[in-house]
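In the numbering used here, the protein residues as written are 117 to 241. Positions of the beta carbon are idealized from the N, C-alpha and C atoms, including for glycine. See below for the structure under consideration.
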């Protein structure tokens with residue numbers, strides 16, 4: 117039924133202007149203004165990710181967008197230089213290191229939030 121459809125994803129933010137400044141200015145993504153205040157993130161090789169304004173927005177408590185990178189350590193360093201703050205986790209079986217990178221099995225990954233509090237990640241390819 118949906119085999120040939122061009123599906124896309126979306127999530128809410130509380131301030132489109134702040135989202136655009138972050139996703140374009142900090143993360144370097146191309147953005148496109150859409151109808152009804154929607155912001156489209158233009159991600160190479162994919163359909164756009166849609167950010168929509170929602171006055172009663174509540175941040176996602178899970179990762180909404182992952183950015184595969186060839187070097188997580190370098191990506192974290194470069195984003196920190198741009199002011200991005202990474203999440204720290206210190207649970208029994210789930211800890212990030214001093215660089216805010218999870219190295220506990222599986223691909224290396226580090227999480228950060230957009231201005232609306234949604235969780236994003238950089239993940240080792």
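Check your understanding: Is it true that the region 199–207 meets the region 175–191, where meeting means three or more beta-carbon pairs spaced less than 8 Å apart?
Key -> With contact defined as three or more Cβ pairs closer than 8 Å, the region 199–207 and the region 175–191 are not in contact.
**Study point:** C-alpha distance - residue 97 paired with residue 138, whole-angstrom precision
**Key:** This structure gives no information on residue 97, because the portion of the chain shown stretches from 117 to 241.
Exercise for review: Could you check if residue 121 is buried or exposed, using at least 16 other CB atoms within 10 Å of its CB as the buried criterion?
Suggested key: Of the residues assessed, residue 121 falls on the exposed side of the cut-off, its CB having fewer than 16 other CB atoms within 10 angstroms.
Exercise for review: Give the secondary structure of residue 196 by DSSP, where H, G and I count as helix, E and B as strand, and everything else as coil.
Suggested key: Correct three-state label for residue 196: helix.
Practice item. Please report how far the alpha carbon of residue 173 lies from the alpha carbon of residue 119, in whole angstroms. Key: So the alpha carbons of these two residues sit roughly 31 Å apart.
Point to revise | Pick from 145, 152, 166, 151 that is closest to residue 160, judged by C-alpha positions | key: Looking at the Cα atoms, 145 is the closest of the given residues.
Point to revise | Short Cβ contact (8 Å threshold) for residue 143 with residue 165 | key: Contact: no.
Review point. When burial is assigned at 16 or more other CB atoms within 10 Å of the CB, is residue 195 buried or exposed?
Key: Buried: at least 16 other Cβ atoms inside 10 Å.
Practice item. Let me know the beta strand (DSSP E) ranges lying completely inside the region 144–190, each 3 residues or longer, listed in chain order. Key: Along the region 144–190, the beta strand (DSSP E) occurs as fully enclosed runs of 3 or more residues at 146–149, 155–158, 165–169, 179–185, listed in sequence order.
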